[in-house]
Ligand SMILES: [Zn+2]
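So this is what it looks like as structure tokens:
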């Protein structure tokens, strides 16, 4: 009997190698960084924020009129640990596909666009509006660019 099954373990190993998401430290581009998976998704409140993400001016205006608070499904804030930095930092993560992500240090103003989290710099008008709008579930929807 020929040993036809000899290559099975190797094949199984190759298949089981999961295509896990890849996040790299902004300061150490070769260093993978990890978090506990807790994501704070971003809310958009102005047409300018949509335009910055490639939406035409008129459409952005219409979308914001229809949905005062948009929840982005592919951008969030997440606390990530880098062994090279030796610490955890809050990062702004943009998901491009299941594996590919862009990671940068989260700028302070992004906290104003995250629901359920008090911004580090108090901005009553924005946070108050976010809380009110977030309660209105019919005014929200997921925005898939
Ligand atoms: Zn680092």
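In my numbering, the protein residues as written are 10 to 154.
We treat Cβ as the ideally placed atom computed from N, Cα and C, and that holds for glycine.
Because the structure is a prediction, the values reported are computed rather than measured.
Short Cβ contact (8 Å threshold) for residue i with residue j
{"i": "residue 101", "j": "residue 86", "result": "yes"}
{"i": "residue 35", "j": "residue 113", "result": "yes"}
{"i": "residue 32", "j": "residue 89", "result": "yes"}
Assigned secondary structure, residue i (DSSP; H/G/I helix, E/B strand, else coil)
{"i": "residue 107", "result": "coil"}
Backbone CA spacing between residue i and residue j [nearest angstrom]
{"i": "residue 109", "j": "residue 103", "result": "9 Å"}
{"i": "residue 121", "j": "residue 39", "result": "30 Å"}
{"i": "residue 75", "j": "residue 48", "result": "26 Å"}
{"i": "residue 94", "j": "residue 77", "result": "38 Å"}
{"i": "residue 71", "j": "residue 84", "result": "21 Å"}
{"i": "residue 82", "j": "residue 97", "result": "23 Å"}
{"i": "residue 132", "j": "residue 44", "result": "Residue placement at residue 132 is flagged as unreliable, the pLDDT there being 39, under the threshold of 50; a coordinate-derived value is accordingly withheld."}
{"i": "residue 73", "j": "residue 123", "result": "17 Å"}
Cβ-based neighbour list, residue i, same chain, cut-off 7 Å, excluding 5 preceding and 5 following
{"i": "residue 107", "result": "28 and 30"}
{"i": "residue 60", "result": "66 and 69"}
{"i": "residue 119", "result": "51, 86 and 101"}
Close Cβ partners of residue i (< 6 Å) along its chain, the five nearest in sequence each way excluded
{"i": "residue 3", "result": "Nothing about residue 3 can be reported from this structure: the residues present for the chain run from 10 to 154 only."}
{"i": "residue 58", "result": "none"}
May I have a chain-ordered list of the alpha helix (DSSP H) segments no shorter than 4 residues that lie completely inside the segment 15-95?
17-25, 56-60 and 66-75
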